[in-house]
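Structure first, commentary second.
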Amino acid sequence: MIKQFSNFVDRPHLKFNEVFPMHEGLLAIGKHGPHDYGWKEIRSIVSPIFTTGKMKLMYGTIHERIETLIKVLEEKIKEDDVIDIYE
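With the working numbering, letter number 26 in the sequence shown gets 50, and the count goes up by one each step, no holes.
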């Protein structure tokens with residue numbers, strides 16, 4: 025198994041909305057979805073991302089980002105009553 029990041033530099037980038045039917049929602053994927061990717065194939069690709077250990081590692085980062093978002097929103101609310109979510 026290759027564990028060094030430098031060995032993965034030239035890997036192609038996938039645009040999931042073009043390759044996998046994620047834009048349709050996971051519950052809309054049938055046995056044979058668009059591009060012949062069904063639930064089993066997509067699950068085998070996505071499942072390793074959401075292991076218990078990896079979710080625990082992500083928690084700190086997600087919590088920091090949420091705290092930052094709350095601070096920014098609180099500052100915007102103090103400045104103006106209207107928040108443009110597309111800014």
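Cβ atoms here follow ideal geometry from the backbone N, Cα and C, with glycine treated the same way.
- Tell me whether D96 sits in a helix, a strand or coil according to DSSP, three-state version. In the sequence shown, residue 96 corresponds to position 72, counting from 1. One detail in the question is off: residue 96 reads as Val in this sequence, not Asp. Reduced to three states, the DSSP call for V96 is helix.
- Are the beta-carbon atoms of K100 and I90 separated by less than 9 Å? Mapped onto the sequence shown, residue 100 falls at position 76. Mapped onto the sequence shown, residue 90 falls at position 66. Going by C-beta atoms, K100 is not nearer than 9 Å to I90.
- Message: My output table needs one value for T75: the three-state DSSP class, helix, strand or coil.
- Response: Within the sequence shown, the letter at position 51 stands for residue 75. In the structure shown, T75 falls within a coil segment according to DSSP collapsed to helix, strand and coil.
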